[in-house]
Amino acid sequence: MENTCQDTQDLMPQLIEGSLSDKQAAQLQGHISQCPACCRRLQALRSDERLLSNFAEAMQPTVARIQNSVIQTLGGERLAKPVGYAHIYRTIIKSQAARFAIAASVIFLALLLSLLNLSKSGNAERETSPRYILGKAQQDHSKETRPWDILPPLPN
Amino acid sequence: MNSFSEEELVAACRNGDKSAYADLVRAYSARVFAICLGTLVNAHDAEDVAQQALFKGFTDIKKLRDGERFGVWLCQIARNLCIDFVRKKHRRRDGLSRPIPPDKSEGKDREEELEAALARLAEDYRIALLLYYFDGRTTRHMAETLGISEAAVHTRLSRARKKLRQLLEREGDR
């Protein structure tokens, strides 16, 4: 199908975006190469494209300023590294196995602590009983150091 | 953005994880700024409103039901804040004399011509063009943000370019 100037110019923005099929693009290029008016039009549109790209690039510092301001004000910058407490926390939230493991370790620790407390209180009870005190006193007396224990042995 | 999906980041934000929100801010600040600049035209006003929108996104994140739609939701917040900003500005101006815009008709360079032409462009076209050039030139994201089909995005972009060309020709003739 032969392209008219109007058809060609209507499709030019899509040619710039690269959203036309190869066949359509080739047809358009065929017309543009033979039509000075359409060629000028395409050049003007390409120039607008560059102008808009440069404009967007010139605005990048503003976008960066917005990002930094928001992140710093929220206090997210000190946690922004991929590895850190927040990263570990998110991994835990995500993984069910990790959640189970943490719950199991908490229960195990609680049991261990309660067992230790029980044995400690048992020992304390034993140490305050009269039988234990009497036995301990006798043991200490038998271990008492006598004067001849520290004297050198007599020569034969 | 890191390896976490948007939904996971939103879930972490709901639990007060600010670093997850920092990732979302990095991903969406250009889009939010494009929406604000497209609506307000003035870059300083757009910067202020874009910041407000990003803060509001964090404080209101528990109101967001579908984590996958964070981007669309955030852009809607930005749009609403822009509308509020314009309303307040008009209210303030009603009691005062309107400031006369500076005459830039002499010695305009191409960037100034572009800014003037963008300011004259219809809001829908301006937003479409800015979203396209500020946010990675993907029509899929634009379609989500604007709530239209990808084909409609292409049509809007084509029309916007055509109109902008006319306006630039007019600006060049001045």
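For the protein sequence lines, the chains are A and B, in the order given.
Take the first sequence: its letter number 39 is residue 37 in my numbering, and every next letter is one higher.
To convert a position in the second sequence, counted from 1, into my numbering, add 10.
Ideal Cβ placement from N, Cα and C applies to all residues, glycine included.
These numbers come from a predicted model, not from an experiment.
Check the C-beta distance from GLY81/B over to THR155/B and give it rounded, since I have them as a contact under 8 Å.
7 Å
Once DSSP output is grouped into helix, strand and coil, what is the label at THR2/A?
coil
Identify each residue in the segment 20 to 45 of chain B for which the Cβ-Cβ distance to at least one residue of chain A is less than 9 Å, and report them in chain order.
ALA21, ALA22, ASN25, ASP27, LYS28, SER29, ALA30, TYR31, ALA32, ASP33, VAL35, ARG36, SER39, ALA40, VAL42, PHE43 and ALA44
Please return the same chain residues whose Cβ sits closer than 7 Å to the Cβ of LYS87/B, not counting the five positions on each side in sequence.
Just to set this straight, residue 87/B is Ile in the shown sequence, not Lys. Excluding residues within five positions, the ones whose Cβ falls inside 7 Å are ALA63, LYS66 and GLY67.
Could one say the Cβ of HIS164/B lies closer than 8 Å to chain A's Cβ atoms, at least one of them?
yes
Are the CB atoms of ARG24/B and GLN65/A within a distance shorter than 8 Å?
no
Are the C-beta of ARG171/B and some C-beta of chain A separated by less than 8 Å?
yes
Are the beta-carbon atoms belonging to GLY77/B and GLU125/B less than 8 Å from one another?
no
For VAL59/B, the three-state DSSP class (helix, strand or coil):
helix
Chain-ordered neighbours of ASP20/A on chain B, where CB pairs are closer than 9 Å:
The premise fails here: ASP20/A is roughly 17 Å from chain B at the closest Cβ pair, so nothing lies under 9 Å.
Does any residue of chain B have a CB that is nearer than 8 Å to the CB of ILE69/A?
yes
Contact check, ASP145/B vs ALA53/B under 8 Å by CB: the rounded distance?
Their Cβ separation, rounded to whole angstroms, is 16 Å, which puts ASP145/B and ALA53/B out of contact at 8 Å.
Could you give the first and the last residue of the continuous alpha helix (DSSP H) run that contains GLY48/B?
28 to 50
Rounding to the nearest angstrom, what Cα-Cα distance links CYS31/B and CYS3/A in this structure?
The displayed chain sequence assigns Tyr, not Cys, to residue 31/B. Cα-Cα distance, rounded: 50 Å.
Against chain A, with Cβ distances strictly below 8 Å, would TYR135/B count as a contact?
no
Report the three-state DSSP secondary structure of GLN176/B (helix, strand or coil).
helix
Helix, strand or coil: which one does DSSP assign to ILE105/A?
helix
Are the C-beta atoms of GLU121/B and some chain A residue less than 8 Å apart?
yes
From the beta carbon of GLY117/B, is the nearest beta carbon of chain A less than 8 Å away?
Residue placement at GLY117/B is poorly supported in this model, since its pLDDT is 48, which falls under 50; the coordinates are not used for a value here.
CA-CA distance, GLU122/B and GLN27/A?
32 Å
Indicate whether the contact test is met: 3 or more Cβ pairs, each with one atom in the segment 10 to 17 of chain A and one in the segment 37 to 52 of chain A, closer than 8 Å.
yes
Taking Cβ positions only, does LEU43/A come closer than 8 Å to chain B?
yes
Contact set between ALA101/A and chain B, taken where Cβ atoms lie within less than 8 Å:
Correct list: empty, because the minimum Cβ distance to chain B is about 18 Å.
The segment 94 to 104 of chain A touching the segment 90 to 102 of chain B, judged by at least three CB pairs closer than 8 Å
no
On the criterion of 16 or more Cβ atoms from any shown chain inside 10 Å, does GLU116/B qualify as buried, or is it exposed?
For GLU116/B, the predicted structure reports a pLDDT of 48, less than 50, and the residue's modelled location is therefore unreliable. A value from the coordinates is still provided. Under this definition GLU116/B is an exposed residue.
Mind listing which residues of the segment 60 to 88 of chain B have their C-beta closer than 8 Å to chain A's C-betas, in chain order?
ALA60, GLN61, LEU64, PHE65 and PHE68
CB-CB length for THR69/B against ILE137/B, believed under 8 Å
About 25 Å separates the two Cβ atoms, so there is no contact after all.
With a threshold of 16 other CB atoms inside 10 Å of the CB of GLN58/A, please say whether the residue is buried or exposed.
exposed
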